[in-house]
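Peer 1:
Number of protein chains: 2
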Amino acid sequence: MDIEKVNSMDFGEFVDVFGNVVERCPLVAAAVWSRRPFSNAAELEHHFLAFIDALPQSGQEGILRCHPDLAGRELQRGTLTAESQREQSGAGLTNLGADERLRLAELNAQYRARFGFPFVLAARLSDRAAVPRELARRLRRPPALELRTALDEVKKICRLRLADLLGSNPAKL
Amino acid sequence: MDIEKVNSMDFGEFVDVFGNVVERCPLVAAAVWSRRPFSNAAELEHHFLAFIDALPQSGQEGILRCHPDLAGRELQRGTLTAESQREQSGAGLTNLGADERLRLAELNAQYRARFGFPFVLAARLSDRAAVPRELARRLRRPPALELRTALDEVKKICRLRLADLLGSNPAKL
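Chains as they are written, first to last, in my numbering: chain G, 1 to 173; chain L, 1001 to 1173.
1. Mind reading off the beta-carbon distance from G:ALA123 to G:GLY90? Whole number of angstroms is fine, and I expect it under 8 angstroms.
2. Using three-state DSSP, classify G:LEU121 as helix, strand or coil.
3. Does any heavy atom of the ligand NAP sit closer than 6 angstroms to the C-beta of G:VAL22?
4. Name, please, each residue of chain G whose Cβ falls closer than 7 angstroms to the Cβ of L:CYS1025.
5. Quick check on L:ARG1065 - is its C-beta less than 7 angstroms from some C-beta in chain G?
6. Listed in chain order, which residues of the segment 1107 to 1126 of chain L have Cβ atoms closer than 8 angstroms to some Cβ of chain G?
7. Just checking: is the beta-carbon of L:SER1058 within a distance shorter than 7 angstroms of some beta-carbon in chain G?
8. Can the beta-carbon of L:VAL1006 be found closer than 7 angstroms to that of L:CYS1158?
9. Going along chain L, which residues have a C-beta under 7 angstroms from G:GLU61?
10. Can you find a CB in chain L that lies within less than 7 angstroms of the CB of G:ALA144?
11. Which residues in the same chain as L:PHE1117 place their Cβ atom closer than 6 angstroms to its Cβ, once the five residues preceding and following it in sequence are excluded?
12. Could you tell me how far apart the beta carbons of G:GLY59 and L:ALA1031 are, in whole angstroms, since I believe they sit closer than 8 angstroms?
13. From the DSSP output, in three-state form, read off L:ARG1128 for me.
14. Is it buried or exposed, G:GLN88, if we count other Cβ atoms within 10 angstroms and call 16 or more buried?
15. Please confirm if L:ALA1054 has its CB atom under 7 angstroms from at least one CB of chain G.
16. Just to check my reading of the structure: G:LEU162 and G:PHE48 have Cβ atoms closer than 8 angstroms, yes? What is that Cβ distance to the nearest angstrom?
17. Apply the 10 Å Cβ neighbour rule to L:LEU1166 and answer buried if 16 or more other Cβ atoms are within range, or exposed otherwise.
18. What do you get for G:GLY78, buried or exposed, if any count of 16 or more other CB atoms within 10 angstroms of its CB means buried?
19. Can you tell me the Cβ-Cβ gap for L:VAL1154 and L:VAL1120, rounded? I've got them flagged as a contact below 8 angstroms.
20. Using the rule of at least 16 other Cβ atoms within 10 Å of the residue's Cβ for burial, across every protein chain shown, is L:ALA1029 buried or exposed?
21. Quick one: using the 10 Å Cβ neighbour count with 16 as the cut-off for buried, is G:LEU55 buried or exposed?
22. Look at the alpha carbon of G:ALA136 and the alpha carbon of G:LEU75, and state the distance between them as a whole number of angstroms.
23. Between G:PHE11 and chain L, is there a C-beta pair that is closer than 7 angstroms?
24. Drop a sphere of 10 angstroms on the beta-carbon of L:GLY1019, count the other beta-carbons inside from all chains shown, and report buried for 16 or more, exposed for fewer.
25. Rank G:ARG133, G:LEU125, G:PHE14 by C-alpha distance to the C-alpha of G:LEU107 and give the top, closest one.
26. With a threshold of 16 other CB atoms inside 10 Å of the CB of G:ARG148, please say whether the residue is buried or exposed.
27. Drop a sphere of 10 angstroms on the beta-carbon of G:PRO142, count the other beta-carbons inside from all chains shown, and report buried for 16 or more, exposed for fewer.
28. At 4 residues or longer, and completely inside the segment 1082 to 1124 of chain L: list those alpha helix (DSSP H) runs for me, N to C.
29. Quick check on G:PRO37: buried or exposed, where buried means 16 or more other Cβ atoms within 10 Å of its Cβ?
30. Would you check if the distance between the CB atom of G:CYS25 and the CB atom of L:LEU1027 is smaller than 7 angstroms?
31. Where does G:ALA71 land, buried or exposed, given buried means 16+ other C-beta within 10 angstroms?
32. Which bits of chain L does G:VAL15 rub up against, with CB to CB less than 8 angstroms?
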């Protein structure tokens, strides 16, 4: 999809296409539409990331809370968004053994209890062996630092999903 | 539901219950959870409204863009949220004649083209005769004023939906 096509969209079309670039937060795409026209894919991406950065801390935590657990209840129930299903599946998280799933569920619960938001990771840049290791590592970090790290992961997911839609390559991930 | 019950919810439960208090913007409820515990229903309501006020203008426009048209395509297709379906139905908007529906569709399109967001009105405080009249009136207003008015309607809807969930009475609507 080229940028002229993006710039020609009314807000309904734009939110239909880009509404899940930030997981379950169509508000972000709906806000970014205010910034059109976009010169290129990089500028479009910039406005998504800048909107996230401009939110008050509660809003940034809110974005994280709209994400599902990795290999969690929503995956079991089949209620993930299409994007999240694809990403978790690609990382091998749909094929865990019972032990691995239980271990992840325990770590996810500890993480949620400690930080007040779920563990978010760009699953496409990880795999089933790395996820629990990374979760255990991040679980020990100070809350303020961990919020920044989690938002950086939201931004990686956002850039990868945008690149999929635009047929472009995200730089420097 | 009493406020102790609300304060006992983890963020997943809270977003399940309050996620559509602002139409299709679960991010708002997910952010408000950061403010718990709440002393009472009024304080909970305050945090929803304050979050909307604290957004940059693009975010406020984004909230409006997550709303469906009144008596629009989503009503025809049956894809409204349960809350919106109930509100539009209560105002008689599900029983319009073909002429009334066409008239509203034209006004909605003019409004979207002029302001860059859909016409939002607390349908529960209106009815099928008043909606096109109010739409035609607001269509002529200056954009900056109309943004404030539209957000005031979002807040009325938010307060009515909160009152439904909490079994309380919203004051001063």
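All C-beta atoms in this analysis are idealised placements derived from N, C-alpha and C, irrespective of residue type, glycine included. All values reported here derive from a predicted model rather than from experimental measurement.
Peer 2: Answer, in terms of the structure:
1. 7 angstroms
2. coil
3. For the ligand NAP, the structure offers nothing, since it holds no ligand at all.
4. LEU27
5. yes
6. ARG1112, GLY1116, PHE1117
7. yes
8. no
9. ALA1031, SER1034
10. no
11. GLU1061, LEU1064, ARG1065
12. 5 angstroms
13. coil
14. buried
15. yes
16. 7 angstroms
17. buried
18. exposed
19. 6 angstroms
20. buried
21. buried
22. 21 angstroms
23. yes
24. buried
25. G:ARG133
26. exposed
27. exposed
28. 1082 to 1090, 1098 to 1115
29. exposed
30. yes
31. buried
32. ARG1065, CYS1066
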